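Since the structure comes first, as structure tokens, the remarks are kept for the end.
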Amino acid sequence: MQINTLSDDYSVSPQIEVSDVPSIMQAGFKSVICNRPDQENPEPRQIEAIKAAVEAARMEFAENVFDPSSFGPDKIERQAELLAQLPSPVFAYCASGNRCSIVWAFAQAGRIATDTILDATTQAGYQLAHLRPQLEMLALNRAED
């Protein structure tokens, strides 16, 4: 399992196994978010199996699943809500960690500087510079609200 840190309270990873949960707990995470739909996974890696292991380890579990075709403002808002509500630090996973990074970047737009967002994702191995215009537009829209 590879943990990629984006901020003090949020890290991402490619798909995890039930056997990874003790390591996640030992790393100090308090909550786990799944951003990967079940239809992309065999049964042992599906939400219910991971959720049961996470809850047995006394961590919080939440899901905000999406694929590229279902990604939109509702998923961004849901991730932002989860980050505000769940005990931190939060560990999020999907197929590669990219989805978790993208939804985090959009959830943070306007809350932290775009350069800070893109620096964090780049340092974690996720190249999201192509999203700069959308992140900046969202930040402007949030500033106007």
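Just remember that this note's numbering sits 1 ahead of the position in the sequence shown, which is counted from 1. Even glycine gets a Cβ: it sits at the ideal position worked out from N, Cα and C. None of the values given here were measured: they were computed from a predicted structure.
Is Ser102 closer than 9 Å to Thr122 when the C-beta atoms are compared?
As a first step, residue 122 must be located in the sequence shown, where it is residue number 121. As a first step, residue 102 must be located in the sequence shown, where it is residue number 101. Cβ distance < 9 Å, so Thr122 and Ser102 count as in contact.
Measure the alpha-carbon distance for Pro74 versus Cys35 and round it to whole angstroms.
In the sequence shown, counting from the first residue as 1, residue 74 sits at position 73. In the sequence shown, counting from the first residue as 1, residue 35 sits at position 34. Pro74 and Cys35: Cα-Cα distance of roughly 17 Å.
Could you tell me which uninterrupted beta strand (DSSP E) segments, each at least 3 residues in length, are contained entirely in the region 83-139, listed from first to last along the chain?
91-94
Close-in-space but distant-in-sequence residues of the same chain around Pro88 (CB under 7 Å, 5 per side omitted):
Walking along the sequence shown from the start, residue 88 turns up at place 87. Once the five neighbours on either side are set aside, the close Cβ partners of Pro88 are Lys31, Ser32 and Glu61.
Contacting residues, own chain, Cβ-Cβ under 6 Å from Ala81 (five flanking each side not counted):
The count along the sequence shown starts at 1 and reaches residue 81 at position 80. Counting only Cβ-Cβ distances below 6 Å, and skipping sequence neighbours, we find Ala108.
Whole angstroms are fine: how far does the CA of Asn99 sit from the CA of Glu18?
Sequence index remark: in the sequence shown, residue 18 carries index 17 (1-based). Sequence index remark: in the sequence shown, residue 99 carries index 98 (1-based). Whole-angstrom Cα-Cα distance: 18 Å.
Contact under 9 Å by Cβ, Ala110 with Arg143:
Here residue 110 refers to the residue found at position 109 when the sequence shown is read from its first residue. Here residue 143 refers to the residue found at position 142 when the sequence shown is read from its first residue. Their beta carbons are under 9 Å apart, which means Ala110 touches Arg143 by this criterion.
From Val91 to Ala106, what does the alpha carbon distance come to, in whole angstroms?
Translated into the one-based positions of the sequence shown, residue 91 becomes position 90. Translated into the one-based positions of the sequence shown, residue 106 becomes position 105. Distance between the alpha carbons of Val91 and Ala106: 15 Å.
Going along the chain, which residues of its own chain have a beta-carbon closer than 7 Å to the beta-carbon of Val22, five neighbours each way excluded?
Within the sequence shown, the letter at position 21 stands for residue 22. Closer than 7 Å at Cβ, skipping near neighbours: Ala54, Val55 and Ala58.
Just to confirm, are Gln16 and Ala96 a CB contact at a threshold of 9 Å?
Taking the first residue of the sequence shown as 1, we reach residue 16 at position 15. Taking the first residue of the sequence shown as 1, we reach residue 96 at position 95. Their beta carbons are under 9 Å apart, which means Gln16 touches Ala96 by this criterion.
Where does Val13 sit, in a helix, a strand or coil, going by DSSP?
Numbered from 1 along the sequence shown, position 12 holds the residue referred to as residue 13. Three-state result, Val13: strand.
Using a Cβ-Cβ cut-off of 7 Å (strictly less than) and excluding sequence neighbours within five positions of Asn5, which residues of its own chain qualify?
As a working note, residue 5 is residue 4 in the sequence shown. The answer, listed in chain order, is Ser12, Val13, Ser14, Gly98, Ala125 and Gly126.
Just the C-alpha distance for Met26 and Leu7, rounded to the nearest angstrom, thanks.
Along the sequence shown, one-based indexing puts residue 26 at 25. Along the sequence shown, one-based indexing puts residue 7 at 6. About 18 Å.
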